[in-house]
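Working notes, structure below.
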Amino acid sequence: MNPNPANLQPTRFWIALDVPDQKVAEQWMARFPNHKDYKVGMELFYRTGPDVIKKWIGEDGLSIFLDLKLHDIPRTVAAAISQLDELGVSLTTIHLMGGRAMCEAAVQARTQLSIVGVSVLTSLGNDDLTMIGISSNVADQVTRLAAIGRDTGLDGIVLSGQELIVLSPLWPGARFVVPGIRKAPDPSNDQKRVITPEKAVNYGATDLVIGRTLLQAKDPQATYQELTKLLQGGKKS
Ligand code: C5P
């Protein structure tokens, strides 16, 4: 069952450039010359700053998903979203735990930028939620946060593949961005809620975040080809 119409399109996959600087990032880009979709997180952005991001978009024709996971008072988040919008990035993240007013302010501040809400980090499990005082289990918490994202006009949600099957019917047309992707034998590292790329696609993911599965693969080229082939067709019936 997958009622998400967005997933009739090929699933997009973002290579997570979790690397320390521009030089290493561009070495990876050179290995995948046909790939245009890259996720830049805090590690790289705090080193490169906005000018390098502008160059990658303007001169190199890349789409950048700037994953800064904003979480602050509504005015501050809205102002940050305006800056990112002007930078020309395609997609960014805010924490749904920032609440309704913060999400609304973010949506009002953007013009072209897509914004997805981070639900419960894929590195957390039920025990971690208990420890920070949240009595719901992960699935219920993700469902509750998804309603905030949907009702405030966000474009979608970042969630683990494990909650996708429940969530995709509840928010038709949303972008379902799934990190924590592992090919079966890979180690999960610090991630607790992982899923294979095949399952994520079949459960309704519209966007996959591919990090260590590719960057730490024994043969990154072969892994890249495998992923491209798998994701070209979208959901398999
Ligand atoms: O290497 P790995 O595939 O675990 O990388 C996952 C990427 O997705 C990292 O860049 C991480 O910051 C990001 N991410 C995540 N969990 C979320 C949101 C983003 O792992 N909930």
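Residue numbers (our numbering): 14 to 250. A virtual CB, placed ideally from N, CA and C, is assigned to each residue, including glycine.
Own chain residues within Cβ distance below 6 Å of residue i, not counting five before or after
i	result
D34	R60
M14	With a pLDDT of only 34 at M14, under the threshold of 50, the placement of this residue in the model should not be trusted; the figure read from the coordinates follows. Same-chain partners within the cutoff: there are none.
D98	R123, T124, L126
Q245	P23
Selected residue, minimal CA-CA separation from residue i, among the options
i	options	result
L172	K196, D140, Y216, P200	Y216
Q125	L227, Q96, L137	Q96
F189	E239, V131, L100	V131
A114	Y237, T105, D164, A152	D164
E39	I128, T24, I66	I66
S103	T143, D220, L57, T236	D220
E211	T236, A187, L240, A230	L240
D232	F45, R25, D64	F45
Beta-carbon proximity list for residue i, same chain, < 8 Å, skipping 5 on both sides
i	result
L75	M42, K49, D50, Y51, W69
R195	S201, Q204, V207, I208, T209, T226
R88	A118
S250	Reliability of the predicted coordinates at S250 is poor, the pLDDT of 44 falling under 50, and no value is obtained from them.
E56	D31, V32, P33
S149	L142, R157
Identified DSSP bridge partners for residue i
i	result
D220	R25, V190
I208	I194
Any non-hydrogen atom of the ligand HEM within 7 Å of residue i CB
i	result
Q234	Among the ligands present in this structure, namely the ligand C5P, the ligand HEM is not found.
Cut-off 7 Å between Cβ atoms - residues of its own chain near residue i, not counting five sequence neighbours on either side
i	result
P16	Annotation note: pLDDT 39 at P16 (below 50); position unreliable, no value reported.
I12	Residue coverage of the chain in this structure runs from 14 to 250, which leaves residue 12 outside it and unanswerable.
To test your reading of the DSSP string, which unbroken alpha helix (DSSP H) runs of 4 or more residues are found completely within the region 45 to 124? Qualifying alpha helix (DSSP H) stretches, in chain order: 55 to 71, 87 to 100, 113 to 122.
Would you check if there are 3 or more beta carbon pairs closer than 8 Å linking the region 225 to 237 to the region 191 to 211? The region 225 to 237, when compared against the region 191 to 211, does touch it at the 8 Å Cβ threshold.
Please give the ranges of any beta strand (DSSP E) in the region 115 to 172, keeping only runs that are unbroken, at least 3 residues long and fully inside the region. As summarised for the region 115 to 172, the continuous beta strand (DSSP E) elements at least 3 residues long and confined to that stretch are 127 to 131, 169 to 171, given in chain order.
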